[in-house]
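A.B. asks:
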Amino acid sequence: MDNIKLKARAKINIGLDVVRKRPDGYHDMRMVMQTLKMYDGISMAKNHNGNISIKTNLPYVPDNENNLCYKAAKLLRDEFNIDTGVDIDLVKYIPVSAGMAGGSSDAAAVMVGMNKLFGLSLSMQDLMERAVNIGADVPYCIMRGTAMAEGIGEKLTRLNPFPECVVLVAKPGIAVSTRSVFGKLRLTEDTYHPDIDSIVKGINEKNMDMIASNMGNVLEDVTEKDFPVISTIKSKMAENGAIKALMSGSGPTVFGLFENIEDARKAFYSIKKEHIARQMFITDIFNV
Ligand code: ATP
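Encoded structure:
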């Protein structure tokens with residue numbers, strides 16, 4: 016095999032809670048993760064110059080060793096003493112710096128691609144154990160589907176598939192740094208924490224009402240305070256029939272879950288009319 020094409024899918028957080036700040040500066044999290052059908056396209060081809068090369072369609076995504084695709088390819092090349100190089104062509108659709116794990120998912124796909132291209136025979140578990148060295152969300156991006164993530168995000172428990180629904184993704188034209196959102200987060204006795212256990216129960220019982228009424232993101236208040244456009248987008252989705260609208264990760268992407276495509280389209284056009292989102296996609300839940 017000399018080349019391979021892969022789909023690196025986006026994720027959303029159905030629930031996101033920060034349990035505590037650890038002495039090492041990281042945060043202990045409890046998150047319910049869900050993969051979406053929307054994806055970045057990745058083509059990988061072996062080359063004979065012995066280098067890892069990266070090409071991307073976006074000028075503001077690194078095309079060098081800072082790209083997570085590069086780090087993923089290098090990690091496995093070093094471990095397995097592979098001399099052959101690899102050309103990686105990355106076509107980004109997943110919004111960047113948006114809370115949708117785009118870079119982590121690209122890295123996960125490259126690890127899967129390297130495993131196949133070079134016949135490494137690593138299991139999913141083997142890949143996930145190595146993936147955490149690239150980023151906390153990368154093991155989940157290898158696993159995909161519906162999962163509970165704990166620790167810094169690397170302790171994963173597979174959940175029942177999420178109920179089918181249409182997802183509207185809207186990213187306002189602002190950049191949010193994950194680091195600064197965590198820096199501004201103050202956990203006090205008054206902090207509202209989403210009930211992650213009830214979301215998990217709702218998923219396992221396929222009870223959308225129970226899921227929707229418990230969905231929440233502890234980082235939403237922090238990001239919304241700086242960027243009220245997030246609440247405006249959420250309200251537009253709710254007014255147009257969203258079962259629930261929520262910010263994903265540290266933001267600023269907002270997603271809405273809809274029973275049908277008609278409602279999702281109505282919300283899409285009502286947000287478009289106000290010019291409050293830079294990028295919008297209608298997509299579906301991806302279950303493994
Ligand atoms: P998360 O949901 O994990 O917080 P994110 O959506 O906030 O991820 P990414 O889109 O993954 O953030 O990328 C954040 C930064 O990482 C970008 O500013 C970019 O410079 C760098 N980066 C490295 N590799 C990639 C990649 N393959 N795709 C996008 N960004 C990348």
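Using the numbering used here, the first residue of the sequence shown is number 16, and each one after it goes up by one.
Virtual Cβ for every residue (Gly too), placed ideally from N, Cα, C.
#1: Once DSSP output is grouped into helix, strand and coil, what is the label at residue 89?
#2: Would you tell me roughly how many angstroms separate the C-alpha atoms of residue 151 and residue 167, rounded to the nearest one?
#3: Just curious, the alpha helix (DSSP H) that residue 310 is in, first and last residue?
#4: Given 8 Å as the limit, is there contact between the stretch 202-216 and the stretch 271-290, that is, 3 or more CB pairs closer than that?
#5: In whole angstroms, what is the alpha-carbon distance linking residue 262 and residue 227?
#6: Is the beta carbon of residue 127 within less than 7 Å of some heavy atom of the ligand ATP?
#7: Locate the alpha helix (DSSP H) running through residue 288, then write down its first and last residues.
#8: Going along the chain, which unbroken runs of the alpha helix (DSSP H) with 4 or more residues stay wholly within the stretch 112-193?
#9: Does any C-beta atom of chain D lie closer than 8 Å to the C-beta of residue 59?
#10: When you compare each of 130, 140, 139 and 51 to residue 116 by their alpha carbons, which one comes out closest?
#11: If you run the structure through DSSP and keep just helix, strand and coil, what is residue 55?
#12: Considering only their Cβ atoms, is the gap separating residue 112 from residue 23 smaller than 8 Å?
#13: In the DSSP output, which residue or residues are listed as bridge partners for residue 71?
#14: Could you have a look at residue 270 and say whether DSSP puts it in helix, strand or coil?
#15: Helix, strand or coil for residue 197? Go by DSSP, reduced to three states.
#16: What number of angstroms, rounded off, separates the C-alpha of residue 78 from the C-alpha of residue 108?
#17: Provide the residue(s) that pair with residue 24 in DSSP beta bridges, ordered along the chain.
#18: Nearest CA to the CA of residue 301: which residue from 61, 181, 190 and 286?
#19: Please report how far the alpha carbon of residue 295 lies from the alpha carbon of residue 248, in whole angstroms.
#20: Kindly identify the DSSP beta-bridge partner or partners of residue 261.
#21: Between residue 189 and residue 270, how many whole angstroms is the CB-CB distance? I'm expecting something under 8 Å.
#22: In whole angstroms, give me the CA-to-CA distance for residue 18 and residue 299.
#23: Between which two residues does the beta strand (DSSP E) carrying residue 297 extend?
C.D. replies: Taking the definition as stated:
#1: In the structure shown, residue 89 sits in a helix (DSSP, three-state: H, G or I).
#2: Taking the straight line from one Cα to the other gives about 6 Å.
#3: Nothing can be reported for residue 310: it is not among the residues displayed for the chain, which extend from 16 to 303.
#4: Under the three-pair Cβ rule at 8 Å, the stretch 202-216 does not count as touching the stretch 271-290.
#5: Between the C-alpha atoms of residue 262 and residue 227 there is a straight-line separation of about 13 Å.
#6: Checking every heavy atom of the ligand ATP against the Cβ of residue 127, none is found closer than 7 Å.
#7: 276-289 is the extent of the alpha helix (DSSP H) around residue 288.
#8: Those alpha helix (DSSP H) runs which fall completely within the stretch 112-193 and span 4+ residues are 117-132, 139-146 and 153-158.
#9: Any reference to chain D falls outside this structure, which holds one protein chain only.
#10: Measuring from the Cα of residue 116, the nearest candidate turns out to be 51.
#11: Here residue 55 sits in strand by DSSP.
#12: In this structure, the beta-carbon distance from residue 23 to residue 112 does not fall below 8 Å.
#13: DSSP lists 105 as the bridge partner or partners of residue 71.
#14: Three-state DSSP puts residue 270 in a strand.
#15: Of the three classes helix, strand and coil, the one that applies to residue 197 here is helix, per DSSP.
#16: In this structure, the alpha-carbon of residue 78 lies about 16 Å from that of residue 108.
#17: Assignment of beta-bridge partners to residue 24 by DSSP yields 54.
#18: The shortest CA-to-CA distance from residue 301 to any of 61, 181, 190 and 286 is the one to 181.
#19: About 11 Å.
#20: DSSP output for residue 261 lists 270 as bridge partner(s).
#21: A Cβ-Cβ distance of about 16 Å is found for the pair residue 189 and residue 270, leaving them out of contact under the 8 Å criterion.
#22: Taking the CA atoms as reference points, residue 18 sits about 28 Å from residue 299.
#23: In the DSSP assignment, residue 297 falls within the unbroken beta strand (DSSP E) covering 294-299.
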